[in-house]
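Quick notes on the structure that follows.
Protein chains: 2
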Amino acid sequence: MVSVRDVAVAAGVSVGTVSNVLNRPDLVAASTMERVNAAIVDLGFVRNDAARQLRAGRSRSIGLIVLDVGNPFFTDVARGAEKRAGDDGFSILLGNSDESSVREASYLDLFEEQRVHGVLISPASDDLPRLHRARDRGIPVVLVDREAPDRSFSSVAVDDIAGGRAAVEHLIETGRRRIAFVGGPTSIRQVADRLAGARIAASERAEVALEYVPTSSLTVRAGVEATAALVARHPSHRPDAVFAANDLVSIGALQAALAAGLRPPDDLAIVGYDDIDFAETTTVPLTSMRQPAALIGSTAVDLLLGEASQGEGFEPQQVVYQPELVVRESTVAS
Amino acid sequence: MVSVRDVAVAAGVSVGTVSNVLNRPDLVAASTMERVNAAIVDLGFVRNDAARQLRAGRSRSIGLIVLDVGNPFFTDVARGAEKRAGDDGFSILLGNSDESSVREASYLDLFEEQRVHGVLISPASDDLPRLHRARDRGIPVVLVDREAPDRSFSSVAVDDIAGGRAAVEHLIETGRRRIAFVGGPTSIRQVADRLAGARIAASERAEVALEYVPTSSLTVRAGVEATAALVARHPSHRPDAVFAANDLVSIGALQAALAAGLRPPDDLAIVGYDDIDFAETTTVPLTSMRQPAALIGSTAVDLLLGEASQGEGFEPQQVVYQPELVVRESTVAS
DNA sequence: GCCGTGAGATGATTCGTTTCAGTCGTGAGA
DNA sequence: TCTCACGACTGAAACGAATCATCTCACGGC
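Line by line, the protein sequences are chains A and B.
In this text, residue positions in the first sequence follow our numbering: the first is -14, and each later residue adds one.
In this text, residue positions in the second sequence follow our numbering: the first is -14, and each later residue adds one.
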């Protein structure tokens, strides 16, 4: 493996000069630079990032931990983050916690060992102490799609309470009275907030009943199972609307409804959350709360880099975007 | 930032002993180990991976470059790879080339600088020399979802020619005669092979016409645009079936067909490729060629680790899986 | 009392890069 | 002629962990 030393020898200069060619080309004479570059190409020299990092003390990478890589919402967030990070010469390390706090912790460990420039995380649990520890060690942390209860971290989120409320208000306006909220676990803050918003909207009208149907994860499968149980009930006890905690669950809910012979929106209305691309291509296109996924990702990187460049006296900032209701045939007949 | 030296001082031992506690616990006395571990917790010591790597010469990470993170097929591949890698203590660095050879090259550079343990790549282009260079520098390379023309690399692929052929044979059997293959660019091997397979199947029956409708990328949007142009033709020139290069394109094709007032499968049959989860939840559930995505990912890691542990005399291996036709309502009325 | 043995601990050295104080030589100004 | 400034380049030190040839010590055997 060829090192700067080899390049230096080949070009007849010192290692310091090779380093300058690589990092501060303005400090070196044109003719020297040419010789060094020729040697680099000749020998096939590739910088060793580990040595670079060791010297620098931190890496040029940013860790991103998402709840589910299979969810297009999060890949969109990742895309936004990656683009923004790339502009500043940073790269994104993507970790998938699959809603497991164990996996989440192991990614945090990994990222800490890598002396990552910072961590963007959509937490699976409420383990804020763990995050504080990371920050105490000098690694900035920004919460994604979630706010810190005590505002001790910067965050980029969408107002999930408002979103939950708007979704249920839409269902009420279109005539539904028995609404089921499908999703879980509530240890995921997004779920808890959307449910809270839904409850607020429901509580404003005495004739509206809101039922919480928990699931163990936010997947298509979970949506199918929970909804299948709902629609198997006697018609008099069956909800007339499902508000799903995210679009994967809502897709599952739609499948279960169709399998049971129900025809949305008449027999059952369905609202999802995230407005992933696939929500508009389903058998019955799904009404959903749209979130600006890529913008969330890029804003998170902004906040992170800001915090990283400032240091001690940094004041955490909360950015909150508003979700937007996208109405489709799963709630309103076309 | 606390280092092994600080831990050693706090525990009253040498740095070598701390390192032994971390890496070869069997060599150190129980009482010593306890003291060291206590010091580690006390001081909040976190190993510096850069220093570790520098010493070791290579990292415990494997780079994975995919064509499109937004495509669930690739996230499934990534999942499979990550799981398998994790079992051996490796982590996966996920890079998204977005079908751009420029982005692909920049990820390769990054991974080389990181002295990655190996690279799994679903190449966007035919730049094999670049890959050979990486391997010459000691970085094993395994091709994913694609075979090397000269078998000079190990690979895990699915027989796309057979897949393309089976898809078109299915269309012919169900009565279609004017078939459009939608997708591109053909510089992506998967596209070229699926098209080649389609042509073979079509050529076996004189009365079948196959038309190639290129797109610039494999996305829902591209599928919509290409198909919209097709269905806008006079009925006598309109194809009676679309074979899409992947499911994202087929979802786009379905949207365009519905928007034009056509009702699959009668007015237009549609076959996709990959059988992503969302293929069965579309307005008209999509017939698709299923590929064992997670298995592809884990097998690729297997081959990579095998090659990495052997070294020089390694013989590239080709693993080829067979795709499986999954018939749904987009080709056969229910 | 001596030697051999082996468990346990040591600490100097190494990995490859960046940085920075310092050297060298040239040319302008006094 | 001497000094000073400056551009160009040098090379040693430092980053933090892992390794391995050595060293220490206690104990058993004779």
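The C-beta atom is built at its ideal place from N, Cα and C for all residues, glycine as well.
As the crow flies, the alpha-carbon of D73 of chain A is around 12 Å from that of H102 of chain A.
Relative to the Cα of P199 of chain B, the nearest Cα in the group B:I173, B:E192, B:R190, B:I185 belongs to B:I173. Straight-line spacing of the CA atoms in A211 of chain A and A226 of chain A works out to 13 Å. Under the three-state reduction of DSSP output, I255 of chain B falls in the strand class. Shown here, M274 of chain B sits in a strand according to DSSP, grouped into three states. In this structure, the alpha-carbon of G48 of chain B lies about 32 Å from that of M18 of chain A. The Cβ of G65 of chain A sits no closer than 9 Å to any Cβ of chain B.
Against chain B, the beta carbon of I236 of chain A has neighbours under 8 Å at F263, T266, listed in chain order.
Residues I261, D262, F263 of the same chain have their beta carbon placed closer than 7 Å to that of P57 of chain B, with the five preceding and five following residues left out of the count. Of A:S82, A:Y306, A:E297, A:D34, the smallest CA-CA separation from I124 of chain A is found for A:E297. When C-beta atoms of the stretch 93 to 101 of chain A are compared with those of the stretch 32 to 44 of chain A, three or more pairs fall below 8 Å, so the two segments count as touching. Ranking A:E89, A:M274, A:S82 by CA distance to the CA of V143 of chain A puts A:M274 first.
In the DSSP annotation of this structure, the continuous segment of the alpha helix (DSSP H) that includes S91 of chain A starts and ends at 86 to 98.
Contact check for L288 of chain A and V62 of chain A: beta-carbon distance about 14 Å, past the 8 Å limit, so the pair fails to qualify. Straight through space, the alpha carbons of L215 of chain B and A186 of chain B are spaced by roughly 21 Å. Any Cβ of chain A closer than 9 Å to the Cβ of G42 of chain B would place that residue at the interface, and such an atom is present. Secondary structure in the stretch 76 to 162 of chain B: the alpha helix (DSSP H) runs of 4 residues or longer, each lying completely within the stretch, are 86 to 98, 113 to 121, 145 to 158 in chain order.
Think of a sphere of 8 Å around the beta carbon of T316 of chain B: no beta carbon from chain A falls inside it, the nearest being about 16 Å out. When the Cα atoms are used, S188 of chain A and Q307 of chain A turn out to be separated by approximately 22 Å. Shown here, G48 of chain A sits in a strand according to DSSP, grouped into three states. Note on geometry: alpha-carbon atoms of G42 of chain B and L78 of chain A lie some 21 Å from one another. Among the residues facing chain A, P270 of chain B is included, as its CB has a counterpart in that chain under 9 Å away. Under DSSP, A165 of chain B takes part in a beta bridge, and its partners are B:E196, B:V227.
The residues V126, L128, P301, in chain order, have a CB closer than 6 Å to that of F138 of chain A in the same chain once the five nearest residues on each side in sequence are set aside. E67 of chain A: member of the alpha helix (DSSP H) spanning 57 to 72, first to last residue. D130 of chain B sits buried, since 16 or more C-beta atoms from the chains shown fall within 10 Å of its C-beta. Taking all protein chains in view, the Cβ of P10 of chain B is surrounded by fewer than 16 other Cβ atoms within 10 Å, so the residue is classified as exposed. Listed as beta-bridge partners of E309 of chain B by DSSP are B:R275. T272 of chain B is positioned such that its CB atom lies closer than 9 Å to that of V311 of chain B.
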